[in-house]
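In the numbering used here, the protein residues as written are 543 to 836. Backbone N, C-alpha and C fix where the C-beta goes; we use that ideal spot for every residue, glycine too. Predicted model only: the values in this text are computed from it and were never measured. Heads up, the thing below is written out as structure tokens.
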Amino acid sequence: MTKRHVRLFAVAASAALVLSACGGDGDTDADAGDDGTTAAEDGGDAGEGGADGSIRIGIKFDQPGLGLRDGDTYSGLDVEMAKGVAEKLGYSEDQIEWVESPSPQRETMLETGQVDLIFATYSITDSRKERVSFAGPYFIAGQGLLVRADDDSINGPEDMEGKILCSVAGSTPAQRVADEYPGVELQEYNTYSECLPALLSGTIDAITTDDTILAGYAAQEQYAGQLKLAGEPFSEERYGVGTAKGSELCEQVNEAITALIDDGAWEQAVTDTLGPADYTPGPGNPPEVNEDCA
């Protein structure tokens, strides 16, 4: 049995032993009334602020650095941006109802009024715009590679030929690798967190998804000093805020995002949430917010 076959066998065995994991996949996974009052002030309408004056915001519950739930505490860049936008719309933090929004359910959750806004590494795409309206973008991410801190052999996808790469089954990053880098041995798991033990043990060589998600994992205390991002992003993912199709709320969110960028809150949020992984926002950040909400 060759060394490479031994490694592939170890990957399969590792996957079989994983019982549960917290990581999710990326994408790559308060409306004002005519009188000028916000939904928070007038009680709101269904789908645009709760009747009790709350606002329902969809996030991921399992993405460190972006949207993570730990008991009653929520943290990450998506969470900080959502809190900032909500405040600009007239909602205090205790008026926010956080709702878990898995990637496959996001459009339906907006269409059925289960949430008012979605901040969940929600890449703006033409197909999604057929069903929902997007404010933003509030961040531009890109597909990246996460490797062991002591591995200097990988600095981009061009260095991955003959190596084993982990991603999530059915994800955009996995499909991009399969299409554009046929020399890579792709190992697909159900969640990114299932890839981490295999990476640390050396049975795989790298993990790929949005660089923001990878930075979030690298910044976790239990992985301090063990992981790093390799090279530059090799795609563009424009994170938008999902709203119901045609909602006036979308334009208000655009104004709020612009204000957060202008007053320095955006930069502080990025530093606080992704900075611990030595993450530097890539080209296009801070982004220019779309003028329309098509």
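Where the beta strand (DSSP E) through residue i begins and ends
{"i": "K770", "result": "769-772"}
{"i": "D633", "result": "Looking at the sequence shown, residue 633 is not Asp but Tyr. Segment: none, Y633 is in no beta strand (DSSP E) and carries neither H nor E."}
{"i": "G758", "result": "Counting along the chain, G758 falls outside any beta strand (DSSP E), though it belongs to the alpha helix (DSSP H) covering 753-760."}
{"i": "Q729", "result": "727-731"}
{"i": "Y616", "result": "615-617"}
{"i": "D612", "result": "609-612"}
{"i": "I746", "result": "Segment: none, I746 is in no beta strand (DSSP E) and carries neither H nor E."}
{"i": "G600", "result": "597-601"}
Residue from the options with nearest C-alpha to residue i
{"i": "Q637", "options": "P644, S643, G626, Q647", "result": "G626"}
{"i": "S645", "options": "S713, S709, V726, D692", "result": "S713"}
{"i": "V657", "options": "R670, Q729, E639", "result": "E639"}
{"i": "V795", "options": "A624, L619, D612", "result": "A624"}
{"i": "Q762", "options": "I599, L608, I601, G595", "result": "L608"}
{"i": "R690", "options": "D614, V831, P606, L738", "result": "L738"}
{"i": "Q647", "options": "I601, F681, L687, D612", "result": "I601"}
{"i": "P715", "options": "L742, D693, G686, G806", "result": "G686"}
{"i": "R840", "options": "Q717, V641, C792, I755", "result": "No information on residue 840 is available, as it lies outside the stretch 543 to 836 that the chain covers here."}
{"i": "D747", "options": "L659, W808, G704", "result": "G704"}
{"i": "C835", "options": "A807, I660, L791", "result": "L791"}
{"i": "F661", "options": "E653, L688, P679", "result": "P679"}
{"i": "D804", "options": "K630, G618, R611", "result": "K630"}
{"i": "E833", "options": "A807, A798, Q810", "result": "A798"}
{"i": "T650", "options": "E700, S634, Y633, R670", "result": "R670"}
Start-to-end residues for the alpha helix (DSSP H) that takes in residue i
{"i": "L742", "result": "737-743"}
{"i": "D721", "result": "714-722"}
Integer Cβ distance of residue i from residue j, believed to fall under 8 Å
{"i": "I749", "j": "Y734", "result": "6 Å"}
{"i": "Y781", "j": "Y664", "result": "6 Å"}
{"i": "E736", "j": "L707", "result": "Contact doesn't hold; Cβ gap of about 14 Å is too wide."}
{"i": "E778", "j": "I682", "result": "6 Å"}
{"i": "A819", "j": "A740", "result": "Not a contact, Cβ separation roughly 20 Å."}
{"i": "L688", "j": "L769", "result": "6 Å"}
Q) Along the chain, which unbroken stretches of the alpha helix (DSSP H) at least 4 residues long are found entirely within the stretch 652-712? A) Correct list: 668-671.
Q: Identify every run of the beta strand (DSSP E) within the stretch 767-821, keeping only runs that are complete inside it and at least 3 residues long; order them along the chain.
A: Here the runs fully enclosed are 769-772, 779-786.
(Q) Is it the case that the stretch 769-777 contacts the stretch 810-827, given that we only count it when at least three CB pairs across the two stretches are under 8 Å? (A) The stretch 810-827 makes contact with the stretch 769-777, as at least three CB pairs between them are under 8 Å.
Q | At least 3 beta-carbon pairs within less than 8 Å: the stretch 785-794 vs the stretch 674-688 | A | Touching, per the Cβ criterion.
Q) Touching or not, the stretch 802-819 and the stretch 720-734, by the rule of three or more beta carbon pairs under 8 Å? A) Output reads no: the stretch 720-734 does not touch the stretch 802-819.
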